[in-house]
Structures are given as structure tokens and as C-alpha cells.
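Letter by letter, the sequence shown follows residues 122 to 469 of this note's numbering.
All C-beta atoms in this analysis are idealised placements derived from N, C-alpha and C, irrespective of residue type, glycine included.
All of these numbers come straight from a predicted model, not from anything done at the bench.
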Amino acid sequence: MLTQLQLRNFRCFESLALELDAGFTFFIGGNGEGKTSILEAACVLLRLQSQRTSTLSPLVRVGAKAFAVRGRFDEHALEFSYGGLHRRLKFDDVDQRTATEYLRLARVVSFANVDIELVRGGSDARRRYLDFLGTQIEPTYRSTLRAYERALRSRNALLKSATPRTREIAAYDAPLIENGTRLRDMRATIVDRLAPFVRQAHHEISVTTEKIDIYFSPGAAEDFAKDLAESREKELRLRQTVVGPHRDDVDLFVDGMPANSFASEGQQRTLALALKIAQARVFAASGSSPLLLIDDIFGELDPDRRNALLRSLPNESQKLVTATSLQWRKDFAEGHVFELQDRQLHLR
Ligand SMILES: Nc1ncnc2c1ncn2[C@@H]1O[C@H](COP(=O)(O)OP(=O)(O)OP(=O)(O)O)[C@@H](O)[C@H]1O
Ligand SMILES: [Mg+2]
């Protein structure tokens, strides 16, 4: 569990420090007071990545050169500072050359309003969802993903050049195929592990008996090498790699109909929520309860559903929850409540 969190030059905060407990902690404040920023700092501290954006540079406070986040998780001290090329990691006050040991410590699942994009948006949101989980449960996931992306970038750059040279392009085929095949297999396994939890969570939070199906849809044929070789002509025409895990997707169905085009907004929100709760349960099943970051997801729900949702969140997980107000809370007195005003926290 995360017991301390300190921010320096992180988004809107010049400096902020807080202590946290198990169970629920609420952060209440008006728009733009910094609620999301606090959750983001917790995510960046524990996972070295934001739950919202793929790059860290927008998180450096305007006018500053670098941000730093610091904290304690279980018995360990974590520290991460970032300023473009400058990155520094400390685990128990010792500088780390790689992130391996650091990242072994904590798991995070983030819930936010944009989660609905998992259901109705493009495939990149679903790949990021799988990657966020994969990098946290599979030790080789991150390095495989990075190696695949590197090979893909180099290959695509060559395909875009004025006179693409086949031999140079082919030099990247081996790393692309090797890492791509591994990545595809890991993603397929993750979807298999998620599927029963998604169905179960969906059943618990929806008031209907809709049937949910979830399938992994690979971006290349079973034999990736053969598929790649056969797509050479198309690649040269389109000037990019046309098959591979960068085209992977997760197909979602509600009662047999594609969820992105047929499901109602409420059905899409419920399914998105089930996908996130399933993520948390996959972690719990593998022996480590994740920290849940729950950012303002109550706005769209009526008060009964808000309370039901609070109660349906995994008991054993620590939960940081933001909202603009808590007036809707019924018979639910658990947790500390922090109010944010003028970049300061006040315990209510
Ligand atoms: N790099 C940055 N430097 C300075 N300020 C920033 C930076 N990034 C974001 N901000 C500002 O931080 C403030 C707080 O943003 P945040 O998203 O945390 O607010 P919030 O409380 O979650 O608001 P909402 O209720 O609208 O979601 C905003 O005013 C935003 O413009
Ligand atoms: Mg916010």
C-alpha cells in the first residue's frame, strides 16, 4: 500500500506532500484544482508512466525543468525524477540503472471517464489497456513491446523513404517477427485471463443479464513471418508495415452484437467499467492487490449507482477516489476526505 506521496513541480503543484491509509481516500475539489494530477503522480511514481498520456514531458510544471515524485510503498522508498533527457530512479535510496526491480513493487489500475473509449474508440485504446496490464504482470512484456516498437519504427521509416531498399527493410524482419510473435502470444494469454473476470464483473454491476463476449483479434496471421512476406507488395504501396501486433485488437460483444457500434452509451460505460474491474481482479488473482485510481467516474451515474459502485470495488485494494463533491454518499463513511483548494490539501 502507498503510505506517502510527495510531488515537486508536477503539473500544477510546485510542492505537495500527503499521507495515505488503506481503504478509501477521497479527493474533493472544483474543476482544475488538481485532483487528477494527484492520482497521476501516484501512477507515475509506482509505474513510471501516466494513466492518461504516453509521454511524461507534459507533466513537468510549466516553467520548471523537471518534476520529482517520491513516496513509500509497503516498506520501500521510491523516487523518480524526470526532465526530458534527465531521468533518475531511486529504490530504497539507491540509484537504479534499470527499472526492473523498481517496477516489481506495485500494481495500479486506473478508472476514468475516458475509459468508455476502450469500448467505442479505436484499437489503440484497447492495445494500451492490454499493455498496461501486460507490463505489470509479465516481466518480459515491457522489453518485448519496446523491441517490437523499435523494429517497427525503423522499418516504417525505411518504407517511407523516397527509394525504399528491400534489403535494408528485411534487416528488421527478424526482430519484428521474433518480438511480434512473443507480444502477440502474451496479449492472447492476457485476454484469456481477463475474459471470465470481465463477464463476472459485468454481471455484478449491470442490472441486466446481457451476455458479454471478449476475443483477442491478432493483427497478423498465426504465421507472422509468412504473413509479413506475403504483404511486401502492399507495404511498398502503403509505405508502412501492414501486419503485426500494432494492428492487434480486442473484440467486444454485448449479446452477440459488436459493442462499439451497437451498445448504448450506458452499456458501453458498464462494459468499460467491467474491463477495468477485471484488470484489478487479474492482479488480485496473481497475488497482489493493485492500487485503484478512480478519477471522477461518478458524474455520469445516478446516486444509487454511485453508491453501488463504491461498494463493488475490491475490498482488499487501496483506493484513491476523486470527485467534485461527495454529497451523494449514503451510509458510506469509510475513508479520509481531502479537500483541494488553491493547490493546498485540507483534511476534512
Ligand atoms: N504542466 C503543467 N504545468 C502547470 N499547470 C498544469 C500543467 N498541467 C496541467 N496543469 C494545470 O493543473 C490544473 C489541475 O489539473 P487537474 O487535471 O489535476 O484538475 P482536476 O482537479 O482533475 O480538474 P477536473 O475536475 O476538471 O478534472 C489545471 O488547471 C491544469 O491546467
Ligand atoms: Mg480531473
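DSSP, reduced to helix, strand and coil, places Pro366 within a helical segment of the structure shown. By the neighbour-count criterion, in which 16 or more other beta carbons inside 10 Å mark a residue as buried, Val183 falls on the exposed side. Within the segment 352–406, the runs of beta strand (DSSP E) at least 3 residues long that lie entirely inside it are, in chain order, 370–375. Straight across, the Cα-Cα distance linking Ser202 with Arg191 is about 8 Å. Residue pairing of Leu414 in beta bridges, as defined by DSSP: Ser231 and Leu441. Cβ-Cβ separation between Ile418 and Asn234: approximately 6 Å, consistent with a contact (criterion under 8 Å). Residues with their Cβ less than 7 Å from any non-hydrogen atom of ligand 2, running along the chain, are Lys156, Thr157, Asp416, Asp417 and Thr443. Straight through space, the alpha carbons of Arg432 and Val442 are spaced by roughly 13 Å. Residue environment: Tyr262 is assigned as buried (16 or more neighbouring CB atoms within 10 Å of its CB, all protein chains considered).
With a cutoff of 8 Å on beta-carbon distance, Val240 and Leu414 are scored as not near each other. Per DSSP, the beta bridge partners of Leu128 are Leu137 and Val190. Counting every other CB atom within 10 Å of its CB across the protein chains shown gives Gly243 a total below 16, marking it as exposed. By the C-beta criterion, the segment 330–342 is judged not to be in contact with the segment 221–236, since fewer than 3 inter-stretch pairs fall below 8 Å. Not one heavy atom of ligand 1 sits closer than 7 Å to the Cβ of Thr146. Leu304 and Phe453 have their alpha carbons spaced roughly 43 Å apart. Shortest gap from the CB of Cys164 to any heavy atom of ligand 1: 7 Å or more.
Relative to ligand 1, Arg286 has its C-beta separated by 7 Å or more from all heavy atoms. In this structure, Pro339 has its beta carbon at no less than 7 Å from each heavy atom of ligand 1. Counting other Cβ atoms within 10 Å of its Cβ, Ala393 reaches 16 or more and is therefore classed as buried.
Buried is the label assigned to Ser158, since at least 16 other Cβ atoms lie within 10 Å of its Cβ. Residue range Lys156 to Arg168 is occupied by the alpha helix (DSSP H) that includes Val165. In this structure, DSSP gives Thr146 an extended state, which the three-state scheme calls strand. Taking a cut-off of 8 Å for Cβ pairs, the segment 341–353 and the segment 306–326 do not touch, as fewer than three such pairs fall below it.
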